[in-house]
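>
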Amino acid sequence: MSWVNIASSIILIIGFTGCRSGKDIDPNASPVIPPGQWGMNSAPIDDRLLAFTELKTGELDLLIEAAFERNPDLRSMAARVQSTAANARIARADLFPNIGFGLLGNQTQQNFIGLPIPGAESDVLTARFKSFGFNMNASWELDIWGRLRRGKNAAKAEYISAENDFIYYQLSLAAQVAKTWAQASSAQSQLELSVETSNNFQTTSDRIRERFLQGLSPSLEYRLALNSSEAAQALLQQRQEQKEASVRLLQVLIGQYPDGKLHSVSALPFPNEPVPAGLPSELLQRRPDLIAAQWRLKAADHRLWAARKALFPRLSLTSSTGTSTPGMKDLLNTDFTVWSVAGNLTQPLFQGGRLMAGIDFSKANVQQALSDYHSSLLRAFNEVETGLQTDHWLRKRHDHLRKAAEQSRAALALAEDRYESGLADLFTVLESQRRQLNDATQLIEVRRLLYANRIDLMLALGGAFQSTKYQSAASISDPNLNLSPN
């Protein structure tokens with residue numbers, strides 16, 4: 001058997017070994033089967049509701065746009081998208097020939113000793129040679145098995161994944177700004193309530209002081225009134241501190257210096273519309289983070305195929321053409337043309353297990369990407385289910401607190417009238433004031449919780465602020481990059 005036949009047999013054996021098993025992963029195939037409907041009843045999908053239209057104000061729009069312009073973390077994410085876009089262009093370039101141009105200049109000297117020349121047997125003779133030329137070189141690896149195409153598809157999938165991560169980060173940033181703004185608005189309402197309450201306690205304290213000086217009220221009532229007034233002042237300082245802290249956090253998100261000062265914070269809008277949860281299966285096509293996880297899985301699968309194809313032979317072609325002359329004047333003279341064409345077929349035989357280890361590495365990455373996608377799905381479904389249930393219970397709590405606040409206000413007015421008429425004591429008035437403060441405080445807080453939960457729920461459902469000017473990751477990548485998944 002000739003060496004050619006032996007080599008051919010080895011190539012075929014290893015080639016068939018490289019073809020063993022393997023199946024493309026469908027990124028749209030969910031490892032979690034979604035139920036037919038959510039655990040809590042919800043409204044059908046409504047683009048208007050998913051766009052947060054009922055939760056927005058002009059002030060919030062400006063804050064979100066400021067965050068998109070100045071938030072440093074968002075700029076970092078944009079740079080990551082640029083990096084993956086450039087990497088996709090690099091992987092695409094591997095499919096094309098490499099062509100180069102060169103100019104050559106060479107001068108050599110050779111020594112000749114002991115030549116049989118009469119009279120020069122012991123002399124050192126020298127000769128100098130000059131050559132000039134230019135050449136064009138081309139090399140091209142033929143992607144017979146699709147290894148390079150798999151690498152290109154993997155890079156494109158990673159780009160699409162990064163782009164969707166970028167979009168989801170913008171949604172998350174907008175939601176974070178909205179919730180922090182809601183916290184600042186709630187803190188402002190709590191501060192205003194504390195100011196009103198402090199004034200009421202101070203008024204009560206002043207009246208009791210006059211009655212005490214006139215001998216109409218005992219010292220105990222006067223001291224209790226002073227206690228309530230001072231406690232209200234302490235609460236007022238706490239509310240002021242909380243408001244400034246929430247404003248500073250908001251300023252950090254929008255890229256401003258956190259001095260704790262903001263021109264104005266408007267009142268929170270109340271979410272009256274039903275939750276547009278739709279069907280669980282619709283979640284897979286709406287959430288950018290789930291789409292990103294799908295494409296990370298697809299990219300890992302392409303990398304695994306490329307690692308398998310590395311076991312196959314590689315065929316590359318090289319060619320060169322140009323001129324080689326003894327002088328510059330003949331550099332473009334076609335009579336001095338030189339050229340070469342070559343083909344190279346290489347079959348890896350032994351690399352110390354590197355190629356098989358590369359396959360194992362890629363398999364592990366596929367398993368990791370699949371598990372991460374599975375985890376992302378479960379987390380997404382949990383976020384929606386939790387948000388729906390939280391919305392249900394917060395609304396019930398809000399209704400009870402609203403009624404309780406109405407009753408405590410009426411009870412306070414009645415207690416003050418009865419105290420002025422001598423039909424009730426100061427303890428009843430002070431207790432009524434505390435109840436009214438407690439109910440009003442809880443009502444403000446539950447409204448904030450309702451708003452924040454609705455924001456989280458809209459984000460979990462893949463919603464977005466409709467009028468917000470989101471940046472497209474595609475706009476900062478190569479416009480000529482083909483984003484088709486195949």
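Residue 1 is where the sequence shown starts when you use my numbering, and the numbers rise one by one after that.
Where is the CB? At the ideal position from N, CA and C, for every residue including glycine.
All of these numbers come straight from a predicted model, not from anything done at the bench.
1. What do you get for Thr203, buried or exposed, if any count of 16 or more other CB atoms within 10 angstroms of its CB means buried?
2. Apart from the five residues on each side of it in sequence, which residues of its chain come closer than 6 Å, Cβ to Cβ, to Arg48?
3. Does the Cβ-Cβ distance between Val366 and Ala300 come in under 7 Å?
4. Does Glu141 come out as helix, strand or coil in the three-state DSSP assignment?
5. Name the DSSP bridge partner or partners of Gly133?
6. What does DSSP give as the partner residues of Thr346 in its beta bridges?
7. State the DSSP-derived secondary structure class of Ile10, mapped to helix, strand or coil.
8. In chain order, what residues of the same chain have a beta carbon less than 6 Å from the beta carbon of Ile208, not counting five sequence neighbours either side?
9. From Tyr168, Gly358, Ser371 and Ile455, pick the residue whose C-alpha is nearest to that of Gly387; which is it?
10. Mapping the DSSP letters down to three states, classify Asn164 as helix, strand or coil.
11. Measure the C-alpha to C-alpha separation of Glu230 and Asn200 and round it to an integer number of angstroms.
12. Report the three-state DSSP secondary structure of Thr497 (helix, strand or coil).
13. For Gly327, I'd like the list of residues in its chain whose CB is within less than 8 Å of its CB, leaving aside the five on either flank, ordered along the chain.
14. Going by DSSP, which residues form a beta bridge with Asn71?
15. So what's Ile99 in DSSP terms, helix, strand or just coil?
16. Is DSSP giving Ser319 helix, strand or coil here?
17. With DSSP as the reference, label Arg287 as helix, strand or coil.
18. Quick one: Cα of Arg395 to Cα of Lys152, how far?
19. For Pro543 and Asp143, what's the separation of their Cα atoms in angstroms?
20. Taking the continuous alpha helix (DSSP H) assigned at Gln442, which residues delimit it?
21. What residue from Gly463, Tyr451, Ala460 and Trp393 has the CA that sits closest to Trp181's CA?
22. How about Gln442 and Leu412: do their beta carbons lie closer than 7 Å?
23. Using the three-state DSSP reduction, which class does Glu273 fall into: helix, strand or coil?
24. Count the other CB atoms, across all protein chains shown, that sit within 10 Å of the CB of Arg459; report buried if there are 16 or more and exposed otherwise.
25. In angstroms, rounded to a whole number, what distance separates the CA positions of Leu430 and Glu406?
26. Figure out for me which residue from Arg287, Asp391 and Leu414 has the closest Cα to the Cα of Arg379.
Put simply:
1. Taking the sequence shown and counting its residues from 1, one reaches residue 203 at position 203. Per the 10 Å Cβ criterion, exposed.
2. For this step, residue 48 is matched to residue 48 along the sequence shown. The predicted position of Arg48 is uncertain, since its pLDDT is 40 and thus under 50; a value taken from the coordinates is nonetheless stated next. Within the same chain, Arg48 has no close Cβ partners at all.
3. Numbered from its first residue, the sequence shown carries residue 366 at position 366. Numbered from its first residue, the sequence shown carries residue 300 at position 300. Yes; because the gap between Cβ atoms is below 7 Å, this pair is in contact.
4. Indexing the sequence shown from 1 puts residue 141 at position 141. For Glu141, the secondary structure class from DSSP, reduced to helix, strand or coil, is strand.
5. Within the sequence shown, the letter at position 133 stands for residue 133. Note: Gly133 sits in a beta bridge opposite Leu104 and Ser324.
6. As a working note, residue 346 is residue 346 in the sequence shown. Arg314, per the DSSP bridge assignment.
7. Here residue 10 corresponds to residue number 10 of the sequence shown, with the count starting at 1. In this predicted model, Ile10 has a pLDDT of only 37, less than 50, meaning its place in the structure is not dependable; the value taken from the coordinates is given anyway. It is helical.
8. In the sequence shown, residue 208 corresponds to position 208, counting from 1. If you ignore the 5 residues before and after Ile208, its C-beta comes within less than 6 Å of the C-beta of Ser217, Glu221, Tyr222 and Ala225, all in its own chain and listed in chain order.
9. Here residue 387 is taken as the residue at index 387 of the sequence shown, counted from 1. With distances taken between Cα atoms, Gly387 lies closest to Ile455.
10. Here the question's residue 164 lines up with position 164 in the sequence shown. Helix.
11. The residue labelled residue 230 in the question sits at position 230 within the sequence shown. The residue labelled residue 200 in the question sits at position 200 within the sequence shown. Answer to the nearest angstrom: the Cα atoms are 12 Å apart.
12. Lying before the first or after the last residue shown, residue 497 is absent from the chain, which here runs from 1 to 486.
13. Taking the sequence shown and counting its residues from 1, one reaches residue 327 at position 327. For Gly327, same chain residues with a beta-carbon under 8 Å away, outside a window of 5 residues either side, are Lys130 and Phe132 in chain order.
14. Your numbering for residue 71 matches position 71 in the sequence shown. Paired residue(s): none; Asn71 is not in a bridge.
15. The residue you call residue 99 lines up with position 99 of the sequence shown. DSSP places Ile99 in strand when its eight states are reduced to three.
16. Taking the first residue of the sequence shown as position 1, residue 319 is located at position 319. Here Ser319 sits in strand by DSSP.
17. Locating residue 287 in the sequence shown gives position 287, where the first residue counts as 1. Judged by DSSP in its simplified three-state form, Arg287 adopts coil rather than helix or strand.
18. In the sequence shown, the residue the question calls residue 395 occupies position 395. In the sequence shown, the residue the question calls residue 152 occupies position 152. Their Cα atoms are separated by approximately 51 Å.
19. Lying outside 1 to 486, the shown extent of the chain, residue 543 is not represented and no answer is given.
20. Locating residue 442 in the sequence shown gives position 442, counting from the first residue. Unbroken alpha helix (DSSP H) run through Gln442: Leu426 to Ala460.
21. Locating residue 181 in the sequence shown gives position 181, counting from the first residue. Answer by Cα proximity: Tyr451.
22. In the sequence shown, residue 442 corresponds to position 442, counting from 1. In the sequence shown, residue 412 corresponds to position 412, counting from 1. The answer is no: Cβ separation not under 7 Å.
23. Residue numbering aside, residue 273 sits at position 273 when the sequence shown is read from its first letter. Coil, per DSSP.
24. Your numbering for residue 459 matches position 459 in the sequence shown. With the sequence shown as reference, residue 459 is identified as Leu, and Arg is not the correct amino acid for it. Leu459 should be labelled buried.
25. As a position in the sequence shown, residue 430 is number 430, starting the count at 1. As a position in the sequence shown, residue 406 is number 406, starting the count at 1. Rounded to the nearest angstrom, the two C-alpha atoms are 17 Å apart.
26. Locating residue 379 in the sequence shown gives position 379, where the first residue counts as 1. Looking only at Arg287, Asp391 and Leu414, the smallest Cα-Cα distance to Arg379 is reached by Arg287.
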